[in-house]
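To keep things clear, I will list the structure first and then write my remarks on it.
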Amino acid sequence: MIIKDHFLTKEDFKIKETSITGIYKTHPVPENIGRYYESTDYISHYQDEKDLKHKLYKFLQGFNLNFKRNILAKELHKNANVLDYGFGAGEFLKYIEDDFTTFGYEPNQSAAEFALKKLSKTKIIKDLSSIENHSLDAITLWHVFEHIENQEDILNIFHSKLKSNGLLIIAVPNYTSYDAKKYREFWAAYDVPRHIYHFSKTGMHKLMNNEKWKIKYIKPLLLDAFYISMLSEKYKNSPLFWLKGFVFGAISNFKALKNDEFSSLIYIIEKK
């Protein structure tokens, strides 16, 4: 399938299935991929906090943050060591740093500097080698894993940093969801070339059930269907894109109640 970078450059890219059934990769991956992130619209902390759209976004974000924290609270003891890999503007770390011993890694310098202003207890990591092996109880990646090209290498590093039975929590879009099938090349969660890999549940099971990892269970991110559908409608230049996106996001979630193919999925993965 040919997908356009609707967000920024309007360039065309291809997505092709990898050697793992159910996982696709963007082709080509630009050498200077950093320039595809160079937009004030891409990072949420640049938004005008007085804007009504931003206030609504922050309100809904609170539900998502609480949902994510509850996953950790269910699995971990208080003050457990948690690394948020690719923490962006630092909202999740800010939300959990009173409950856990938190560490953060963020390659985007601008985002990291902004996040530092709001984080009071989190230790910012510039190099994963500075983290002691077998010291972490959990590593979280909230819509980050799909941006990483050297996934085998990073998974090996994560494995070495986690304690025995430690958790790797990965949230990624699901290209077998209803909204992905409806919008096809306009589906906002393809987000090429920033999203290098694209996952189905089948693909994630093949990737993460092996001699090193085991998927314990999967949870949906229900609000993602609405946001992704609204953005997809916007890419199609639809009038009332927000209304159409809300309707089709609701349909996507309703259909997923029967087949578990939600727009975005959280994989709670245990280290063997």
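Each residue of the sequence shown is one higher than the one before, counting from 36 in the numbering used here. Every residue, glycine too, gets a C-beta built ideally from N, C-alpha and C.
Per the coordinates, the alpha-carbon of F94 lies some 37 Å from the alpha-carbon of E66. Contact annotation: I38 and Y210 have beta-carbon atoms that are not nearer than 8 Å.
Counting along the chain, the unbroken alpha helix (DSSP H) around W277 starts and ends at F276 to N294. From the listed residues L118, K247 and Y120, the smallest Cα separation to N191 is found for K247. Contact between A147 and I159 holds, with the beta-carbon distance rounding to 7 Å and staying under 8 Å. Leaving aside the five residues that flank Y140 on each side, the residues in its chain whose CB is nearer than 8 Å to its CB run, in chain order, L118, D119, Y120, G121, F122, I159, I160, K161 and L163.
For E110, the secondary structure class from DSSP, reduced to helix, strand or coil, is helix. Within the DSSP secondary-structure output, V207 pairs in a beta bridge with L300.
When secondary structure is reduced to three states using DSSP, I58 falls in the strand class. Non-local beta-carbon contacts of S235 in its own chain, meaning distances under 8 Å to residues more than five positions away in sequence, involve G57, I58, N209, Y210 and T211 in chain order.
Judged by pairs of C-beta atoms under 8 Å, the stretch 237–247 does not touch the stretch 288–295, as fewer than three such pairs exist. Burial is judged here by how many other beta carbons sit within 10 angstroms of a residue's own beta carbon; Y252 has fewer than 16 and is exposed.
Within the same chain, Cβ atoms closer than 6 Å to the Cβ of L197 are found at L171 and K306, the five residues on either side in sequence being excluded.
Separation of P142 and A223 (C-alpha to C-alpha, rounded to the nearest whole angstrom) is 23 Å.
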